[in-house]
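Student:
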Ligand SMILES: [Zn+2]
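Numbering (our numbering), first residue to last: 24 to 216.
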């Protein structure tokens with residue numbers, strides 16, 4: 024468990040430093056087993072990921088019971104529903120990173136670039152808007168997540184992985200491909216270069 028909590032704190036600070044999250048936005052969680060029971064460790068609400076410490080991480084069981092002091096992220100339902108649905112997901116990172124979220128607020132989809140292995144679908148999947156923190160968002164996202172990333176329309180990015188560090192790398196990669204797509208599109212708009 025200690026390593027789980029430490030990796031959440033490390034990932035939180037990394038996301039902030041890399042400007043994938045700002046202010047008090049974004050949340051990070053990881054699943055671990057305690058005597059065969061699934062426990063979710065998640066960042067707290069109302070504390071910036073920049074400042075989050077190991078003692079701030081909140082433990083929650085699959086029924087949503089809070090096992091430690093503190094209040095979990097307002098997106099706890101989103102994280103829980105994905106862990107319940109996807110047995111191979113052990114880490115989740117949710118960001119509002121600027122370029123990917125810019126796409127989420129537009130009518131454009133993010134194209135897959137290199138790094139996704141064999142490309143079957145040309146675009147990253149996205150999910151219609153539901154109120155952040157709502158049960159409906161949690162339910163729809165768990166159903167819609169076919170691969171390891173989902174773009175939440177008018178909201179942000181949901182990246183998952185076999186562990187939280189993998190989910191973090193994916194969130195960073197998604198931001199980068201969105202930025203590349205934005206730049207190439209902008210350059211193509213002008214013939215003056
Ligand atoms: Zn959000």
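The beta carbon of each residue, even a glycine, is placed where N, CA and C say it ideally should be.
Bear in mind the structure is a predicted one, so any value in this text is a computation, not a measurement.
Report, in whole angstroms, the separation of the C-beta atoms of residue 105 and residue 116, which I expect to be a contact under 8 Å.
Tutor: Not confirmed; about 11 Å, so no contact.
Student: Identify every residue that forms a DSSP beta bridge with residue 57.
Tutor: 60.
Student: Measuring only the C-alpha atoms, how far is residue 121 from residue 60?
Tutor: Going by the C-alpha atoms only, they are around 36 Å apart.
Student: Taking the C-alpha atoms as reference points, what is the distance between residue 51 and residue 184?
Tutor: About 12 Å.
Student: Using DSSP bridges, identify the partner residues of residue 174.
Tutor: BP columns for residue 174 point to 149 and 180.
Student: When DSSP labels each residue in this structure, what does residue 104 get in the three-state scheme?
Tutor: If DSSP states are grouped into helix, strand and coil, residue 104 belongs with the helices.
Student: Are the region 198 to 207 and the region 78 to 85 touching by the rule of at least three beta carbon pairs closer than 8 Å?
Tutor: Contact between the region 198 to 207 and the region 78 to 85 is absent, because fewer than three Cβ pairs lie under 8 Å.
Student: May I ask whether a heavy atom of ligand 1 can be found less than 7 Å away from the beta carbon of residue 98?
Tutor: True, at least one ligand heavy atom lies under 7 Å from that Cβ.
Student: Any heavy atom of ligand 1 inside 7 Å of the beta-carbon of residue 165?
Tutor: Not under cutoff, so the answer is no.
Student: Assuming residue 26 is part of the alpha helix (DSSP H), what are its boundary residues?
Tutor: Where residue 26 is concerned, the enclosing alpha helix (DSSP H) stretches over 25 to 40.
Student: Identify the residues that DSSP records as bridge partners of residue 52: which are they?
Tutor: Residue 52 is bridged to 65 and 115.
Student: Could you check what DSSP says for residue 84 in three-state terms: helix, strand or coil?
Tutor: Strand at residue 84.
Student: In this structure, does DSSP put residue 95 in helix, strand or coil?
Tutor: Here residue 95 sits in strand by DSSP.
Student: Assuming residue 72 is part of the alpha helix (DSSP H), what are its boundary residues?
Tutor: Note, residue 72: premise wrong, no alpha helix (DSSP H); not H, not E.
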